[in-house]
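Numbering (the numbering used here), first residue to last: 240 to 490.
C-beta atoms are modelled at their ideal positions from N, C-alpha and C, and glycine is treated no differently.
Quick look at the structure:
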């Protein structure tokens, strides 16, 4: 039976950040990183928490500033801001090796976290990327803006695409966090899941990402009828299997 846990709040740069911490007796722990405009109560995040409970693993999920239960102005958020929050939550709530699990933008942040943690000689057991969106502010957003959208970005400071706002801050800061501009030197197993019917982050973006990852310990699973969210029952089964496979590799 899944034991319910209550959100707790920590203060980062004078902003209250909501965290759900499930304590566990076994390792590795699971660390969830959600997508842009998502929250830690989503289907995939909740499924990971249930799996952790079943396996006596720790599981950490949290809401970026401006998301979900966390405070803060969404329009002041950026990859750098949310990366820093992720690293602080990671340091405060995890112990021992962890599997980073990042969805969409969370995949980008997971890669950046792994890079920063490597500098600190912190052990990462593995990374799972679900429909990852590294560098999306440049390759999928900035390069595809219409002249009208560029004008809106300049005059208003943000642009709305399919009713979702993207700020000038987010886009300009994204350039400081690009990862698909050389070898991504991460020394842990990486599993990537991507739906071939993803209309938000095309799976071809992941094929480009693969060119920047190490040659060994990288597994790609393409889900032929999967969309961007990969939240169906069959998608969750594949995600859980990927977690178990990584645990076996590190076992």
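{"query": "Residue 335 vs residue 267 beta-carbon contact at 9 Å", "result": "yes"}
{"query": "The beta strand (DSSP E) enclosing residue 364, as first and last residue numbers", "result": "363-369"}
{"query": "Cα-Cα separation, residue 310 to residue 251", "result": "10 Å"}
{"query": "Local conformation of residue 459 per DSSP, three classes", "result": "strand"}
{"query": "Three-state secondary structure assigned by DSSP to residue 349", "result": "helix"}
{"query": "Inter-residue Cα distance where the pair is residue 308 and residue 275", "result": "14 Å"}
{"query": "Nearest candidate by alpha-carbon position, reference residue 278, set 290, 255 and 306", "result": "306"}
{"query": "Assigned secondary structure, residue 490 (DSSP; H/G/I helix, E/B strand, else coil)", "result": "Its pLDDT being 46, under 50, residue 490 is placed unreliably in this model, and the value from its coordinates should be taken loosely. Three-state DSSP puts residue 490 in coil, outside helix and strand."}
{"query": "Best match in 343, 396 and 359 for proximity to residue 438 [C-alpha to C-alpha]", "result": "343"}
{"query": "Cβ-Cβ distance between residue 365 and residue 453 below 9 Å", "result": "no"}
{"query": "Span of the beta strand (DSSP E) around residue 270", "result": "265-272"}
{"query": "Whole-Å CB distance - residue 272 paired with residue 325, under 8 Å assumed", "result": "6 Å"}
{"query": "Simplified DSSP assignment, three categories, for residue 385", "result": "coil"}
{"query": "DSSP-derived helix/strand/coil call for residue 301", "result": "strand"}
{"query": "9 Å Cβ cutoff met for residue 301 and residue 370", "result": "no"}
{"query": "Pairwise C-alpha distance: residue 337 and residue 269", "result": "6 Å"}
{"query": "Candidates 426, 377 and 362, of which the one nearest residue 405 by Cα", "result": "377"}
{"query": "4-residue-minimum alpha helix (DSSP H) runs that sit fully inside the segment 414-488, ordered along the chain", "result": "442-449"}
{"query": "Which listed residue (483, 473 and 396) has its alpha carbon closest to that of residue 316", "result": "396"}
{"query": "When 352, 402, 296 and 475 are compared against residue 329, the one with the closest alpha-carbon", "result": "352"}
{"query": "Boundaries of the alpha helix (DSSP H) in which residue 245 is found, first to last residue", "result": "It is not in any alpha helix (DSSP H) - residue 245 carries neither H nor E in the DSSP assignment."}
{"query": "Contact the segment 292-299 vs the segment 380-396: 3+ CB pairs below 8 Å", "result": "no"}
{"query": "Bounding residues of the alpha helix (DSSP H) (the contiguous stretch that carries residue 339)", "result": "No alpha helix (DSSP H) contains residue 339, which is instead part of the beta strand (DSSP E) from 337-342."}
{"query": "Residue 283, enclosing alpha helix (DSSP H) - first and last residue", "result": "282-294"}
{"query": "Simplified DSSP assignment, three categories, for residue 394", "result": "helix"}
{"query": "Burial state of residue 445, where buried means 16 or more other Cβ atoms lie within 10 Å", "result": "buried"}
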